[in-house]
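Colleague: Going line by line, the protein sequences match chains A and B.
One point on numbering: in my numbering, the residue at position 9 of the first sequence is 9, and numbering is uninterrupted.
In short: position in the second sequence from 1, add 164, done, that's my numbering.
Even for Gly, the Cβ is constructed at its ideal location relative to N, Cα and C.
There are 2 protein chains.
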Amino acid sequence: MSELSFTPMTADDFELFWPTFKAIVLEQHTYAIDPDINYQAAYTLWCEVPRTTFAVKDSAGELVGSYYLKANAAGPGDHVCNCGYMVTSAARGKGVARAMCEHSQEIAQMAGFEAMQFNAVVSTNEVAVALWQRLGFSIVGTVPKAYRHASLGRVDTHVMHKIL
Amino acid sequence: MSELSFTPMTADDFELFWPTFKAIVLEQHTYAIDPDINYQAAYTLWCEVPRTTFAVKDSAGELVGSYYLKANAAGPGDHVCNCGYMVTSAARGKGVARAMCEHSQEIAQMAGFEAMQFNAVVSTNEVAVALWQRLGFSIVGTVPKAYRHASLGRVDTHVMHKIL
């Protein structure tokens with residue numbers, strides 16, 4: 001997908017993003033977020049707790065996704081960052097996740113982070129695991145049965161990591 | 165160490181615990197916590213964010229340590245818990261950490277948690293790594309250079325895990 005724009009997420013952007021966020025957490029296939037989370041708590045989690053959050057739009061100005069970037073830990077762990085990415089259902093399979101991950105690595109490097117870590121990539125989310133691997137991430141750990149997948153039950157999660 | 169008492173941590177207990185907490189985070193050998201954290205933020209982190217926090221005292225009523233217990237993730241990840249343990253300098257080497265970890269596993273099981281996960285055990289903290297292993301935890305992942313140790317520089321962290 002060419003001509004994506006990345007802009008700091010506004011409250012208006014989050015309103016457009018909320019149905020995507022809500023559908024993804026309700027599905028319970030990928031994110032360890034309370035499926036009953038309300039709008040304000042979701043806004044705090046996605047837009048206020050992180051260091052920065054981007055809205056991603058296509059050339060027509062349609063929101064296609066969003067991601068956040070934050071330190072993965074505090075103090076002596078704050079040289080490693082963490083990101084979360086979500087793509088709207090209409091924009092899936094068009095390279096938006098790849099574009100967001102590449103953008104986030106550039107932003108992270110500019111912010112001085114030395115590495116990026118994903119703490120709990122659900123192992124059955126094979127598309128994501130394969131994409132992160134193609135983008136240079138390694139599986140550095142696997143936690144047994146750490147995610148209650150809505151249809152598959154307890155499945156493993158991967159810790160994935162890339163030196164930037 | 166026999167005859168330890170475990171009680172829900174009060175604000176007065178935290179005042180007694182603060183010098184221990186402050187020394188441990190200033191040392192930057194074990195915890196990924198901002199070494200400049202202030203009293204109120206530390207209280208929030210240790211006593212308010214977790215599900216429960218215990219003060220541990222010896223038979224003379226002296227505070228010897230504290231630990232917290234919380235879900236390690238939200239929603240479909242909230243069947244796995246996480247704990248953090250700190251021992252006062254005067255009480256080190258007397259089995260307090262072991263006693264706290266054993267107590268926390270009992271409390272976690274009673275609360276319905278299925279597993280316990282430590283996200284970032286600093287690999288050079290060999291006493292802790294060995295103790296957790298003796299208590300049944302496995303190293304399920306190792307993140308390269310994820311901790312800036314005050315004297316050793318960037319060192320690996322382990323993800324450790326035990327099914328309860």
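Of all the residues that make up the segment 250–276 of chain B, which are near chain A by a beta-carbon distance shorter than 8 Å?
Modeller: none
Colleague: Apart from the five residues just before and just after A187 of chain B, which ones in its own chain have a Cβ nearer than 8 Å to its Cβ?
Modeller: Within the second sequence, residue 187 of chain B is the residue found at index 23, counting from 1. S253.
Colleague: Taking only beta-carbon atoms, is P76 of chain A less than 8 Å away from chain B?
Modeller: The sequence position of residue 76 of chain A within the first sequence is 76, counting from 1. Yes, P76 of chain A lies at the interface with chain B (some Cβ there is under 8 Å from its Cβ).
Colleague: Name, please, each residue of chain A whose Cβ falls closer than 7 Å to the Cβ of I197 of chain B.
Modeller: The sequence position of residue 197 of chain B within the second sequence is 33, counting from 1. The contact set of I197 of chain B on chain A, defined by CB atoms closer than 7 Å, consists of A74 and G75 in chain order.
Colleague: For V121 of chain A, would you say it is in contact with chain B, using Cβ-to-Cβ distances shorter than 8 Å as the test?
Modeller: Stepping through the first sequence from its first residue, residue 121 of chain A is reached at position 121. So no, V121 of chain A is outside the interface.
Colleague: Taking only runs that begin and end inside the segment 226–280 of chain B, name each unbroken beta strand (DSSP E) of 3 or more residues, in chain order.
Modeller: Counting whole runs of 3 or more residues, the segment 226–280 of chain B contains the beta strand (DSSP E) stretches 227–235 and 244–251.
Colleague: Kindly indicate if chain A contains any beta-carbon less than 8 Å away from that of Q204 of chain B.
Modeller: Numbered from its first residue, the second sequence carries residue 204 of chain B at position 40. Not one chain A Cβ lies under 8 Å of Q204 of chain B.
Colleague: For my contact list, V319 of chain B and T288 of chain B are in at a C-beta cut-off of 8 Å; report their separation, rounded to the angstrom.
Modeller: The count along the second sequence starts at 1 and reaches residue 319 of chain B at position 155. The count along the second sequence starts at 1 and reaches residue 288 of chain B at position 124. Indeed they touch by this definition, with Cβ atoms about 5 Å apart.
Colleague: Report the three-state DSSP secondary structure of T10 of chain A (helix, strand or coil).
Modeller: Here the question's residue 10 of chain A lines up with position 10 in the first sequence. T10 of chain A falls in the coil class under three-state DSSP.
Colleague: Compare the beta carbon distance of A120 of chain A and Y147 of chain A with 8 Å and say whether it is the shorter of the two.
Modeller: As a position in the first sequence, residue 120 of chain A is number 120, starting the count at 1. As a position in the first sequence, residue 147 of chain A is number 147, starting the count at 1. The answer is yes: Cβ separation under 8 Å.
Colleague: Cβ atoms of F21 of chain A and M110 of chain A: under 8 Å apart, would you say?
Modeller: Translated into the one-based positions of the first sequence, residue 110 of chain A becomes position 110. Translated into the one-based positions of the first sequence, residue 21 of chain A becomes position 21. Remark: C-beta atoms of M110 of chain A and F21 of chain A do not approach each other more closely than 8 Å.
Colleague: Measure the beta-carbon distance from H103 of chain A to F137 of chain A and round it to whole angstroms, keeping in mind my assumption that it falls under 8 Å.
Modeller: Residue mapping note: residue 103 of chain A aligns to position 103 of the first sequence, counting from 1. Residue mapping note: residue 137 of chain A aligns to position 137 of the first sequence, counting from 1. Contact flag wrong, Cβ pair sits at about 15 Å.
Colleague: Roughly how many angstroms separate the alpha carbons of T194 of chain B and H313 of chain B, rounded to a whole number?
Modeller: For this step, residue 194 of chain B is matched to residue 30 along the second sequence. For this step, residue 313 of chain B is matched to residue 149 along the second sequence. A straight-line Cα-Cα distance of about 8 Å links T194 of chain B and H313 of chain B.
Colleague: Using a Cβ-Cβ distance cut-off of 8 Å, determine whether V307 of chain B contacts chain A.
Modeller: In the second sequence, the residue the question calls residue 307 of chain B occupies position 143. With a threshold of 8 Å between beta carbons, V307 of chain B makes contact with chain A.
Colleague: Could one say the Cβ of V49 of chain A lies closer than 8 Å to chain B's Cβ atoms, at least one of them?
Modeller: Position 49 of the first sequence holds residue 49 of chain A. No - not a single Cβ of chain B is within 8 Å of the one on V49 of chain A.
Colleague: If the cut is a Cβ gap below 9 Å, which residues of chain A does V304 of chain B touch?
Modeller: Mapped onto the second sequence, residue 304 of chain B falls at position 140. Result: G141, T142, V143, P144 and V159.
Colleague: How big is the Cα-Cα spacing for L152 of chain A and G61 of chain A?
Modeller: Looking up residue 152 of chain A in the first sequence gives position 152. Looking up residue 61 of chain A in the first sequence gives position 61. Approximately 36 Å between the Cα atoms of the pair.
Colleague: Return the CA-CA distance between Q281 of chain B and V96 of chain A, expressed in angstroms with no decimal places.
Modeller: Taking the first residue of the second sequence as 1, we reach residue 281 of chain B at position 117. Taking the first residue of the first sequence as 1, we reach residue 96 of chain A at position 96. If I take the Cα positions, the gap works out to 32 Å.
Colleague: Does V129 of chain A have its Cβ less than 8 Å from a Cβ in chain B?
Modeller: Walking along the first sequence from the start, residue 129 of chain A turns up at place 129. With 8 Å as the cut-off, V129 of chain A does not count as an interface residue toward chain B.
Colleague: Any Cβ of chain B within less than 8 Å of the Cβ of Q117 of chain A?
Modeller: Residue mapping note: residue 117 of chain A aligns to position 117 of the first sequence, counting from 1. Taking Cβ atoms only, chain B reaches closer than 8 Å to Q117 of chain A, which makes this a yes.
Colleague: Could you tell me the alpha carbon to alpha carbon distance between L233 of chain B and T7 of chain A, rounded to whole angstroms?
Modeller: Here the question's residue 233 of chain B lines up with position 69 in the second sequence. Here the question's residue 7 of chain A lines up with position 7 in the first sequence. The alpha-carbon atoms of L233 of chain B and T7 of chain A are separated by roughly 38 Å.
Colleague: Could you name the residues that DSSP lists as bridge partners for A55 of chain A?
Modeller: By one-based count along the first sequence, residue 55 of chain A stands at place 55. Answer is A:T7 and A:S66.
Colleague: Do M100 of chain A and T53 of chain A have their beta-carbon atoms positioned less than 8 Å apart in this structure?
Modeller: Taking the first residue of the first sequence as position 1, residue 53 of chain A is located at position 53. Taking the first residue of the first sequence as position 1, residue 100 of chain A is located at position 100. Contact: no.
Colleague: What does the alpha-carbon distance come out to for the pair P199 of chain B and V49 of chain A?
Modeller: Your numbering for residue 199 of chain B matches position 35 in the second sequence. Your numbering for residue 49 of chain A matches position 49 in the first sequence. Between the alpha carbons of P199 of chain B and V49 of chain A lies a gap of roughly 20 Å.
Colleague: With DSSP collapsed to three states, give me the class of P144 of chain A.
Modeller: Counted from its first residue, the first sequence places residue 144 of chain A at position 144. P144 of chain A: strand per DSSP, three-state reduction.
Colleague: CA-CA distance, F277 of chain B and L328 of chain B?
Modeller: Residue mapping note: residue 277 of chain B aligns to position 113 of the second sequence, counting from 1. Residue mapping note: residue 328 of chain B aligns to position 164 of the second sequence, counting from 1. Cα to Cα, the separation comes out at about 7 Å.
Colleague: Which partner residues does R318 of chain B have in the DSSP bridge list?
Modeller: Mapped onto the second sequence, residue 318 of chain B falls at position 154. Bridge partners of R318 of chain B: B:R312.
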